[in-house]
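The structure appears below as structure tokens.
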Amino acid sequence: MGSKANTRVILITGGCGYIGSQLIRDLAGDPRFADVIIRILDNMQRGGYPALMNLPTEGRYQFIEGDILDPVTVRWALRGVDAVVHLAAVVRTPFSYDHPAWMEQVNHWGTAQLVEQCLDAQVTRFFFASSASVYGPGGVFEETSACRPVGPYAQSKWRAERVVMAARERGLRPTILRLATAFGYAPTMRFDAVANRFAYLAGIGRPLTVYGTGEQIRPLIHVRDVSRAIRFCLAHSEDTEDHIFNVVGENASVLDIVEAVRSVKPEVRIHYTEQDVLTHLSFAIDGRKFEEMGWEPRYTVETGMAEVLALFKGLAVLSAEFSEITTDSIP
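In my numbering, the protein residues as written are 58 to 388.
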């Protein structure tokens, strides 16, 4: 990356989200980025205000509340920027089936507009957080495997990837990270993906529902390992340029996640059902290409489940009957 007045500026889109809230803190504490100004662009639609609170250093952060779909805001946010880490996205996969157009607009066309603005501003170093879901179900996938994305979220990410890679012909220098599903504690939490969702349910005394056999495989990665992976790419910019990497901590079954929760909270109840809810989306990814660059994961599913469950340690355990009451069952 170039230098401007001996200070680099990294723009983090979606910097107040789940991954972003961890990354912006870790960047400030990483000596490799001691000269970096961390500029955050986020529309705050998911309520990421905790990300901006109690930041570890003063004077290292700039915040712009705005949307990647707004060209004026994006143009302003790119002023003086050396590199972009593009995290902004609509990410809730079950939600995406009800709102596919919004998913497409933000994840695909929002990325396309950001790429165009980067090229106009001559900001060529572009790190894109894609998703391992672009591969589709079945098998173990390497970066060269065919992509057959299923569902609006995965499809929108795949189309965004193609936009990013096509822009190489016009001078963009991208790195694409196909991330496994993140878990673990970050200042702005997500509880809609399976691992954190299970920890939350166990923490409030609710049973965990396992669909089908529970043998479905999910690629997982701790959110701090995601942050480490992004910072690795930033620090090894030339070596990671023009590459796609699978980034994964472990490929775990749903039952593995259940056991990780049980290792911390043995009394958790498990409910099995034959109902088919995304049970077909079983797949694994091969992370060896990225690990051969010198990166490796540090945090396990057990570590993540323990820290998320600890967030709810102040809650008393309710009786099984009471804990299963929902608003639908209250007269």
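Built from N, CA and C at the ideal position, the CB exists for glycine as well.
Quick one, are the C-beta atoms of P276 and A317 less than 8 Å apart?
Taking 8 Å as the Cβ cut-off, P276 and A317 do not qualify as a contacting pair.
I need the straight-line Cα distance from E298 to T232, nearest angstrom please.
5 Å
Can you tell me which of I97, F240, G116 puts its alpha carbon nearest to the alpha carbon of Y257?
For Y257, the nearest C-alpha among the options comes from F240.
Along the chain, where does the alpha helix (DSSP H) that runs through Y210 open and close?
209-223
Which runs of the alpha helix (DSSP H), 4 residues or longer, sit entirely within the stretch 161-198?
The alpha helix (DSSP H) runs lying completely inside the stretch 161-198 and spanning 4 residues or more are 167-177, given in chain order.
Leaving out five residues before and five after M160 in sequence, what residues of the same chain have Cβ atoms less than 7 Å from its Cβ?
V147, S153, P209, Y210, S213.
Tell me where the alpha helix (DSSP H) around E348 begins and ends.
Looking at the DSSP string, the run of the alpha helix (DSSP H) that includes E348 is 345-348.
With DSSP collapsed to three states, give me the class of F255.
helix
Since A134 contacts L68 with CB under 8 Å, what's their CB separation in whole angstroms?
Confirmed, Cβ separation roughly 6 Å.
Output the boundary residues of the alpha helix (DSSP H) element that contains E295.
Per DSSP, E295 belongs to the alpha helix (DSSP H) from 294-297.
My guess is that F183 and V220 are in contact by the Cβ rule of under 8 Å, so how many angstroms apart are they, rounded?
Their Cβ separation, rounded to whole angstroms, is 11 Å, which puts F183 and V220 out of contact at 8 Å.
Taking only three categories from DSSP, how would you classify T114?
coil
Excluding the 5 residues preceding and the 5 following P244 in the sequence, name in chain order all residues of the same chain whose CB lies nearer than 6 Å to its CB.
S78, P107, A108
If L144 sits next to T181, beta carbons under 8 Å apart, how far is it from one beta carbon to the other, in whole angstroms?
Contact doesn't hold; Cβ gap of about 19 Å is too wide.
Do V358 and I314 have their C-beta atoms within less than 8 Å of each other?
yes
Strictly by DSSP, which residues pair up with R235?
S187, N303
Is V325 helix, strand or coil by DSSP?
Residue state, collapsed to three classes: coil.
With distances taken between CB atoms, is the gap from L176 to R227 smaller than 8 Å?
yes
Does the separation of the CB atoms of A186 and I76 fall below 8 Å?
yes
Taking the straight line between their C-alpha atoms, what separation do you get for G262 and V325?
The straight-line gap from Cα to Cα measures roughly 7 Å.
Among R65, A91, L98, whose alpha-carbon lies nearest the alpha-carbon of G71?
For the residues R65, A91, L98, the minimum Cα distance to G71 belongs to L98.
Locate the beta strand (DSSP E) running through Y268, then write down its first and last residues.
265-268
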